[in-house]
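Note that my numbering gives residue 289 to position 282 of the sequence shown, counting from 1, and the numbers run on in steps of one.
C-beta atoms are modelled at their ideal positions from N, C-alpha and C, and glycine is treated no differently.
The structure presented is a predicted model; accordingly, all values stated were derived computationally and were not measured.
See structure below.
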Amino acid sequence: MAFRALVLHEAGGKVSSRLETVDEDKLPEGEVTVAIDYSTLNYKDGMILQGQGRLVRAYPHVPGIDFAGTVVTSQSSAYRPGDHVVLTGWRVGELQWGGYAEKARVKADYLVPLPKGLTTRQAMAIGTAGFTAMLAVIALEKHGLGIGSEVLVTGATGGVGSTAIALLSSLGHRVVASSGRAELKGYLQGLGAAEVIHRSVLATPPARPLDRERWDGAIDAVGGVTLATILTQLKYRASVAACGLAGGSDLPATVIPFLLRGVNLLGIDSVMCPKDLRAEAWRRLARDLPLDRLDRMIEEIPLSQVGGLAPRILGGQLRGRTVIDVHR
Ligand code: NDP
Numbered sequence: 008m009a010f011r012a013l014v015l016h017e018a019g020g021k022v023s024s025r026l027e028t029v030d031e032d033k034l035p036e037g038e039v040t041v042a043i044d045y046s047t048l049n050y051k052d053g054m055i056l057q058g059q060g061r062l063v064r065a066y067p068h069v070p071g072i073d074f075a076g077t078v079v080t081s082q083s084s085a086y087r088p089g090d091h092v093v094l095t096g097w098r099v100g101e102l103q104w105g106g107y108a109e110k111a112r113v114k115a116d117y118l119v120p121l122p123k124g125l126t127t128r129q130a131m132a133i134g135t136a137g138f139t140a141m142l143a144v145i146a147l148e149k150h151g152l153g154i155g156s157e158v159l160v161t162g163a164t165g166g167v168g169s170t171a172i173a174l175l176s177s178l179g180h181r182v183v184a185s186s187g188r189a190e191l192k193g194y195l196q197g198l199g200a201a202e203v204i205h206r207s208v209l210a211t212p213p214a215r216p217l218d219r220e221r222w223d224g225a226i227d228a229v230g231g232v233t234l235a236t237i238l239t240q241l242k243y244r245a246s247v248a249a250c251g252l253a254g255g256s257d258l259p260a261t262v263i264p265f266l267l268r269g270v271n272l273l274g275i276d277s278v279m280c281p282k283d284l285r286a287e288a289w290r291r292l293a294r295d296l297p298l299d300r301l302d303r304m305i306e307e308i309p310l311s312q313v314g315g316l317a318p319r320i321l322g323g324q325l326r327g328r329t330v331i332d333v334h335r
């Protein structure tokens with residue numbers, strides 16, 4: 008059976024995309040075939056659509072690093088036709104065909120059952136970015152984040168940042184959002200930010216190895232000087248969860264905050280995240296993320312429009328989460 012997909016082609020080092028009808032026998036090997044309802048646009052999808060970072064090694068390629076849908080056929084006892092499932096990570100959409108299509112085929116181990124209480128659309132409104140935010144919250148909690156803490160979230164209007172704000176505030180923390188877009192202050196407050204600061208405040212190289220102790224915890228989607236500055240401002244024994252590199256992949260820091268304040272730099276990887284932690288994170292998302300706030304983050308677009316949005320997500324011009332209806 009044929010299905011519709013967004014297919015990337017490479018010619019002369021340039022990557023272009025077009026909607027095509029693809030035969031099901033072209034799908035990669037895997038135990039479970041899924042009829043996809045929704046996928047999403049993440050920062051990494053933007054890179055793949057633009058042919059950046061050598062993330063894709065073989066063309067033609069179907070991108071889309073996450074999807075949610077319904078099992079059509081399964082050679083695994085873990086899933087039956089009709090089961091609703093979610094996929095994030097495992098380098099699907101990079102090393103093998105992904106979610107910008109009406110069908111996908113993957114290993115059963117890559118899938119997570121759709122958490123109770125969420126629709127496939129809501130699961131994709133969360134998607135890779137929201138799942139990453141949840142992993143960051145769990146990591147901070149495991150490193151001692153207490154109730155009612157003051158937590159900094161950078162890259163605040165993005166997918167990771169928006170979900171992190173909604174989660175942390177609903178868990179009773181005081182969230183300070185760092186954003187480059189003053190015009191979106193109302194949006195950030197609506198998600199639960201108690202205070203909004205301009206990202207430039209954190210983007211000047213720290214003058215001293217230790218600054219005033221300010222944060223009980225932080226979730227950073229930006230990296231670079233921003234992450235280095237956060238390290239100098241963490242309170243004694245506090246932690247920052249490093250999720251992203253929207254502002255740079257370098258880290259111009261000193262070891263002094265680790266030695267004199269015992270702070271922790273926690274790495275967050277959503278891609279190869281172990282199965283138990285994945286299940287815990289989805290359980291927590293279904294329980295702790297207020298769905299009315301999730302609704303405020305979503306823009307839904309048809310698959311036919313996703314190519315045009317790639318430069319905008321890489322330029323930090325989108326807001327919240329972009330959900331893709333693969334049937335339109
Ligand atoms: P988005 O593009 O949705 O959000 C990124 C946000 O970062 C923007 O909205 C903007 O927020 C801010 N930003 C953009 N450019 C800059 C800049 N030059 N300097 C400082 N801030 C900037 O991306 P996501 O939220 O989906 O992802 C955020 C980061 O996390 C990305 O680097 C992504 O690759 C990474 N990531 C990592 C994962 C992991 O497993 N570790 C999984 C998912 C994402 P504002 O305008 O409010 O400042």
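In the structure shown, ARG181 adopts extended strand secondary structure according to DSSP, grouped into three states.
The continuous beta strand (DSSP E) containing LEU159 extends over residues 157 to 161. Shown here for ILE305: same chain residues with a beta carbon closer than 7 Å to its own, the five before and five after excluded, namely ALA132, GLY327, ARG328, VAL330 in chain order. By the neighbour-count definition (other C-beta atoms within 10 Å, threshold 16), SER277 is a buried residue. Along the length of the region 232 to 294, whole alpha helix (DSSP H) runs at least 4 residues long occupy 263 to 268, reported in chain order. The C-alpha of ALA18 is placed about 45 Å away from the C-alpha of LEU175.
ALA115 and VAL63 have their C-alpha atoms roughly 22 Å apart. Take THR77, set aside five residues on each side of it, and the residues of its chain with a beta-carbon closer than 6 Å to its own are ALA42, HIS91, in chain order. Contact between the region 247 to 262 and the region 216 to 232 is established, with three or more Cβ pairs separated by less than 8 Å. For TYR50, the distance from the CB to the nearest heavy atom of the ligand NDP is below 6 Å. Below 8 Å, too few C-beta pairs join the region 191 to 198 and the region 126 to 145 to call them touching: fewer than three. Residue environment: THR80 is assigned as exposed (fewer than 16 neighbouring CB atoms within 10 Å of its CB, all protein chains considered). For the 7 Å CB-CB criterion, PRO259 and THR239 do not form a contact.
The continuous alpha helix (DSSP H) containing GLU148 extends over residues 127 to 149.
When distances are taken from the beta-carbon of THR211 to the heavy atoms of the ligand NDP, even the shortest one reaches 6 Å or more. Secondary structure note for LEU195: its alpha helix (DSSP H) is the uninterrupted segment 192 to 198. Only residues of its own chain outside the window of five on either side were considered, and among them VAL119 have a CB closer than 7 Å to the CB of ALA286, listed in chain order. Remark: C-beta atoms of GLY179 and ILE154 approach each other more closely than 7 Å. With contact defined as three or more Cβ pairs closer than 8 Å, the region 229 to 237 and the region 160 to 173 are in contact. Taking all protein chains shown into account, THR28 has fewer than 16 neighbouring C-beta atoms within 10 Å of its C-beta and is therefore exposed.
Nearest to ARG291 by alpha-carbon distance, out of ILE55, GLY269, SER207, ALA173, is ALA173. Secondary structure note for TYR50: its alpha helix (DSSP H) is the uninterrupted segment 50 to 56. At least 7 Å separates the beta-carbon of SER84 from that of GLU38. Considering only ARG219, VAL333, GLY137, the residue with the shortest C-alpha distance to PRO297 is GLY137. Remark: the C-beta of ALA115 is outside contact range of the ligand NDP, defined as less than 6 Å to any heavy atom.
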